[in-house]
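Below: the structure, in C-alpha cells.
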Amino acid sequence: MKIIDDLVNKGKLKHVQLNDKMVKKEFEIGKKDYASAVASFEAGNFKWATIQAYYAIFHAMRALLYKHNYREKSHVALKLAIKELFINNKKLPRSVYDTLERGMELREMADYKESYSQNSAENIILAINQAIMEIEKIL
C-alpha cells in the first residue's frame, strides 16, 4: 500500500476514526446529489446535471474511504486512494473507477470550460447510477 502511505505522508490523505453514522451520512449525500442530477437533467440543465452527477459518485466514494478510516484532502487523493484500496484488489469493478475518472473530467469541462452536452450528461448519470449500486454493495 505504498500509494496510501505516500498520500498519508504528503498530507493528502489522513487516517481518522469515523463511525458508521458518518459513513451512512456521506453515502446519503451522494444519493441526494444523484437525485439532484436527475432532476437537473430532466429540467434541461445539462451543465448542473453533469456537475451534480460527479459529486454523487465523489460522496459515495468518500463514504468508502470513511468506512476504512481515511479522509482525503483533494479529489485526486480520493481517486488514487480508491484505486489502491478497492480497484487494484478487485473489491470494486474497474468500471466504477472509470466512471469516477470520466465524471471528474466531465465536471471539470462543464465547470471550467463551459463544455457539456445532453448526451454526456445522460451517459454519466447512467454510469454513476450503476457505480453507486456497486459501492453500496460493499458499504
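Start counting the sequence shown at 56; every next residue gets the next number (this note's numbering).
Each residue gets a CB set at the ideal place from its N, CA and C atoms; glycine is no exception.
Item to check | Best match in 163, 97 and 142 for proximity to residue 153 [C-alpha to C-alpha] | outcome: Here the question's residue 153 lines up with position 98 in the sequence shown. The residue among 163, 97 and 142 with its C-alpha nearest the C-alpha of residue 153 is 142.
Checklist entry - Where does residue 169 fall in DSSP's three states? => result In the sequence shown, counting from the first residue as 1, residue 169 sits at position 114. Three-state result, residue 169: coil.
Next on the checklist: Just to confirm the assignment, what range does the alpha helix (DSSP H) spanning residue 114 have?
Outcome noted: For the purposes of this step, residue 114 is taken as residue 59 along the sequence shown, with counting starting at 1. 101-122 is the span of the alpha helix (DSSP H), which, as asked, contains residue 114.
Checklist entry - Tell me the DSSP bridge mates of residue 70? => result To locate residue 70, count along the sequence shown from 1; it is residue 15. According to DSSP, residue 70 bridges with 125.
Next on the checklist: Considering just the uninterrupted stretch of the alpha helix (DSSP H) at residue 132, what are its terminal residues?
Outcome noted: On the sequence shown, residue 132 is found 77 positions in, with the first residue counted as 1. Its alpha helix (DSSP H) spans residues 130-137.
Item to check | Pairwise C-alpha distance: residue 75 and residue 174 | outcome: Counted from its first residue, the sequence shown places residue 174 at position 119. Counted from its first residue, the sequence shown places residue 75 at position 20. If I take the Cα positions, the gap works out to 36 Å.
Checklist entry - Would you call the CB atoms of residue 78 and residue 181 closer than 9 Å? => result Within the sequence shown, the letter at position 23 stands for residue 78. Within the sequence shown, the letter at position 126 stands for residue 181. In this structure, residue 181 does not lie closer than 9 Å to residue 78 by Cβ.
Next on the checklist: Measuring only the C-alpha atoms, how far is residue 185 from residue 168?
Outcome noted: Against the sequence shown, residue 185 aligns to sequence position 130. Against the sequence shown, residue 168 aligns to sequence position 113. Using only the alpha carbons, I get a separation of about 27 Å.
Item to check | Option in 172, 122, 127 and 112 with minimal Cα separation from residue 189 | outcome: The residue you call residue 189 lines up with position 134 of the sequence shown. For residue 189, the nearest C-alpha among the options comes from 112.
Item to check | alpha helix (DSSP H) segment containing residue 62, residue limits | outcome: Translated into the one-based positions of the sequence shown, residue 62 becomes position 7. Element bounds for residue 62: 57-64.
Item to check | Three-state class that DSSP yields for residue 146 in the structure shown | outcome: If you number the sequence shown from 1, residue 146 lands on position 91. Note: residue 146 maps to coil in three-state DSSP.
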